[in-house]
Structures are given as C-alpha cells and as structure tokens.
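First residue of the sequence shown: 6, per my numbering; consecutive thereafter. Quick reminder that beta carbons are idealized off the backbone N, C-alpha and C, glycines included.
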Amino acid sequence: SDTASLLPSTHFRLPMPSNKAVVVVDPISTGANLAQLLFDRGWPVIRVFSDGCPEKVKKHTPAGLTVEFVATIEHTGDLDATVAAVRAVGYELEACFVGCETGVLFADLLAHGLSLTGNDVAHSQLRRNKFLQTEAVRSAGLPAAHQALVQRAEQVEEFLSASAATLTESSAFKAVVKPVDGAGSDGVSICDSPDEVRNAFSALSGSINVLGLQNVGVLLQEYLRGDEFVVDTVSRNGVHKCVALWVYDKRWVSDDAPVVYYGMRCLQVEDDFSKYSSMIAYIFGVLDAIKLTHGAAHSEIKMENGNPRGPLLIEVNGRVHGGEGTWLPIPQECAGYTHISALADATLDGAAFEALPAVPTGLRKRGSWVTVRSNVAGVLSAVDAAKMDLIRALPSYHSEYLPPTLAPGHPVIRTTDACSVHGCFNLINSDAAALERDYEVAQSIIDSGLFSVFPPEVSPASPARSVDSVDAGDEPAQKRQAVGAPNVVNKRLPHLDAPPRPESTETM
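Structure representation (structure tokens):
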C-alpha cells in the first residue's frame, strides 16, 4: 500500500547504542511521540519532569504509546540534585530534548548542567517569553508587531493611547490580548474596542492558563492582519531548516468564539515561491535573533498580501509542533519525514540532518488537517455516525483521531478555541484540487453538527474517565493506538501486521 510509509516501527525496536541514553524534558503532547520515536530507534530514554510542569499537564499524553522510560526524575528546583540524579541512572548521555512548552526553560538549564549541546541559557527567556522575543526581533532590525507587556490598568491606557494610530490604520479598531507565557489560543482575545481590551485584561490578569501557570503579565499587541502561517524548523549548530510549512484555517464563529481552529493545510515552497521563501527567511532571522541554535521551533507568523512590512511574528515556541501529534501522518506521507524525526536527526545524526531539504519542496502528496468540533455542550446522547462515515468516505480521507470519551454518556464541551476541539481527520491526496474539495466538504459536514446532548434535566451521570483512556476490551481502540499516535485510525490498512519501517521514514 502507498500508505505504508506512514506507519512507525513501534513494535520493532532497533538495536540500542552501547550504554548511551537521551533525556526528554516534559515528554507531553507531541513530546511523547518524540520519546516514542527515540525509544523505537533504540535509545534508552530518561524522562525528566520540570518544576514548571503541573500534575494535570503531565497526564496530557497520547494514548497507545509503548515507550518504556529507563528512569523518571522530578525536578524540584535544585539543578545540581537533578543533574546528579540523571547521571546516577548510569548511562552515557547523548542529548537533552524538550518535549513540551512547560520544559523550554528547564531543558536549557539541564543540558547546560549535563554539559550537553544546547541553547545559550543566558537567552532562554527569549525563547519562552513572547514579549521579549518580539522585542529581540525588533532589535535585530526585523519587522515586529507593536506591543506592550502590562500588569496594571494604567499601562493598558498607555498602550491604547500610544498605539492609536496603528490600531486604527484600517479604520476599524482591533487589538489582541493574550498571556505572555501561554500555549495554543488559550486566553487569547481579539478586541474590537478599547473597552474590550480593558475587559480582556481584567479577565486574564492573575488567572491560571492552560499550562497551569499564573498570568502575571498580559501581552497587548496590534492585531496582525492576513493569513496565519506555521513554520516548523529544526536547527543544528546555528544552521536552520524548515521541515514543514502550514497555513491555519481559523474562523470567527461567535463573539465568545472568535478564534476557532478549523484546521490547517500543508504547503510547499513552490506554491508561492516568493511569498513562502520570504516567510522562511524571516523566521530563520527570528531564530538567530532569539539565539536558538539547536533543536526544534514551532513559529507562527502573519502575512498580509500587499503589506510592505512583510511577514510579522506572532510567536516562536522552542519545541516541536504540539497537538498530541495527531497531524503527524500528514508530513510523513507528504514529505517522508516529520518535525519529530527531523529533530532526532538534527540532534543525533549530522549526516541525516545534512540530507534534509532546507525547505519543504517537491511534496509527493498534499495534506490537510481538519478539526472535529462541537457546537453543543452537555452530556453526549449521540454521535452522528452517518455524518462521520460521509467524511470517512471522502477520497482524501486518510486517518483520524477521536478520543474514546467521544461517546454517549460522556461530557462534551462546545468548541470555542484550539483547546476545545475534539479530535481530527487527516486528509491526504496527490491531487491538490481534489484535496481542497474534500476539505471543504468535511468542514461543512462538521459545521452541520456531529453531536447531540441530553437535556440537562435527564443527563445521566458521566463516568470518570481520562480523555485518552481505553477500555481493556475495546479492541478497535487498541488497534487504533498501535500506530503510536493517539487513536490515529487508517481505515485502509491493518496496523498490527505492519512491517518495520526504515529509520529515516519513521512517523513517531
């Protein structure tokens, strides 16, 4: 089957290097898929949880992974003690990876403490704090958004006054209020008036974000117009390579859901060479400005056609593209590698890094990621199987991720942002036009409503269950999990009989 290269070698481990191990800090979300890939390549993996990783976030791990950590160490604030504990595991250490946003700062410190290759700890905050990184970009002479980091109401007023000309340049007021150390679209407000900015600041200041961290400072920014793009990169000794280029599909749904993730499309440079190559070059300059010389980065930018300012940074995240790796089948199938496999190569195999293309080009197929959304909230009474099957019958349908709790009797929340989507469909096709038709059909079906809920007065008690838990007797779900990503289903290929794949084509 032409889909075989999607499959990982989860159950076919390669020989281990002699007494060498790697460290992964906060192997959560897609970072767990990274740990799985390293494990599958034969590396003993030491798991270290940073002191900035809340207990509830530690559980945000894709189901079905089979990685066996040789040790798990909790950092509690004493770097020397944690360094000693990692060394005491008894392996020669080869590399330190970061798996999740919560571990960005500590991974730098730990790599330094272990005398491993890593980024300069003196500039770590540039790679985590969204305000500081934009100011570093501005200082480097690159275009940057107008912004202010505020903690008090009077600072909000200063921002509104100083930015009045910029905020009204298109005649309609628009500004963004968001956490300075957040993730996804959690806490992000797009404001259409000064009063909305004031209210959003009041609601966000001091609150707890999706990472379990308190929002001490609030970031106010000009609203950047144009499409929003993702540039996923890996770096080795200051040499950067773009391994994936995406364009987000975010839509306004309602006043309380102004930024809903509908999906994203995988791009190649030749689709619009001048535009996309300039975006990638800009991000390479951004990485230099924030002193990111090693590892992965997931950068988001906006670019408005005809705007002489060119691409403008939203933020850089110094780790792999998140979302629990549910999108991994798309780059694997389209390009033959993924953000996590490229990161492993960039860190552990110089020759493999050299072999990676500098930019995504010549994709053998095209892919799009479609989110599963709910327009209702409550306890599920039904999932519309007929509509789900219509999406699965699309020629571009490839695989899906649906958590086991997306079933009658379990709670469902209304989708209002990136953190409240309920799964995804991966669409892949060698025909770009056919893919786009199927993408819009899938979006229309999802918009029409997939879920029904019980009236509040008759809702049954919902059983307590982890989002990623699977019943022991749920054989279909267990088979879905065999691919190493959470419940990624490929209807066209039996997973458990898959042969081992060459190391360079592993998905996760």
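Check	Outcome
For Asn204, the three-state DSSP class (helix, strand or coil)	helix
Contact the segment 296-315 vs the segment 236-255: 3+ CB pairs below 8 Å	yes
Identified DSSP bridge partners for Cys271	Trp251
Three-way DSSP call (helix, strand, coil) for Gly330 in this model	helix
Helix, strand or coil at Gln130 [DSSP, three-state]	helix
Backbone secondary structure at Arg230 - three-state DSSP	coil
Runs of alpha helix (DSSP H) wholly within the segment 349-419 (minimum 4 residues, chain order)	355-360, 390-397
One or two residues paired with Cys339 in a DSSP bridge	Beta-bridge pairing links Cys339 to no other residue.
Three-state secondary structure (DSSP) of Ala40	helix
Counted within 10 angstroms of its Cβ, other Cβ atoms place Glu445 as buried (16 or more) or exposed	exposed
Any 3 or more C-beta pairs closer than 8 Å across the segment 286-298 and the segment 89-100	no
Whole-angstrom C-beta distance between Gly323 and Val185, which should lie under 8 Å	That belief does not hold up - the Cβ atoms of Val185 and Gly323 are roughly 15 Å apart, past 8 Å.
Beta-carbon proximity check, Gly383 vs Cys339, cutoff 8 Å	no
Three-state secondary structure (DSSP) of Thr122	coil
Contact between the segment 66-75 and the segment 36-52 (3+ Cβ pairs under 8 Å)	yes
Under the three-state DSSP convention, the category Glu445 falls into	helix
Distance between beta carbons of Pro199 and Asn165, contact taken as under 8 Å	Rather than Asn, the amino acid found at residue 165 in this sequence is Leu. Confirmed, Cβ separation roughly 5 Å.
Residue burial classification, Ser23 (beta-carbon count within 10 angstroms, cutoff 16)	exposed
Straight-line Cα distance separating Gly231 from Lys25	47 Å
Three-state class that DSSP yields for Ser425 in the structure shown	helix
Candidates Thr87, His326, Arg143, of which the one nearest Leu317 by Cα	Arg143
Cβ-Cβ separation, Pro67 to Gly428 (assumed contact under 8 Å), whole Å	12 Å between Cβ atoms; not a contact.
Residue closest to Gly69, alpha-carbon to alpha-carbon, out of His344, Thr87, Pro408	Pro408
Neighbourhood of Leu119 by C-beta distance below 8 Å, restricted to the same chain and skipping five residues each side	Val28, Val88, Val91, Arg92, Leu98, Cys101
Check whether Asp56 and Thr81 have beta carbons under 8 Å apart	yes
Validate contact between the segment 428-437 and the segment 391-408 using beta carbons, cut 8 Å, 3 pairs	yes
Same chain, Cβ closer than 7 Å to Val472, neighbours up to 5 away in sequence not counted	Note that Val472 scores 29 on pLDDT, short of 50, meaning its location in the model is unreliable; the coordinates nonetheless yield the value given after this. Once the five neighbours on either side are set aside, the close Cβ partners of Val472 are Pro408, Thr410.
Separation of Lys307 from Leu229, as counted between CA atoms	6 Å
Coil, strand or helix - Pro199 by DSSP	helix
Extent of the continuous alpha helix (DSSP H) to which Asp317 belongs	Correcting the residue identity first, residue 317 is Leu in this sequence and not Asp. First-last for Leu317: 317-322, but that is the beta strand (DSSP E), not the alpha helix (DSSP H).
Spatially closest choice to Val325 from Thr420, His151, Gly108, by CA coordinates	Gly108
As assigned by DSSP and simplified to three states, the class of Pro499	Residue placement at Pro499 is poorly supported in this model, since its pLDDT is 25, which falls under 50; the coordinates still yield a value, given next. In this structure, Pro499 counts as coil in the three-state DSSP scheme.
Residue burial classification, Pro461 (beta-carbon count within 10 angstroms, cutoff 16)	exposed
Distance, Arg270 Cα to Thr421 Cα	20 Å
CA-to-CA distance, Val274 to Ser282, given in whole angstroms	6 Å
Bounding residues of the alpha helix (DSSP H) (the contiguous stretch that carries Glu159)	158-167
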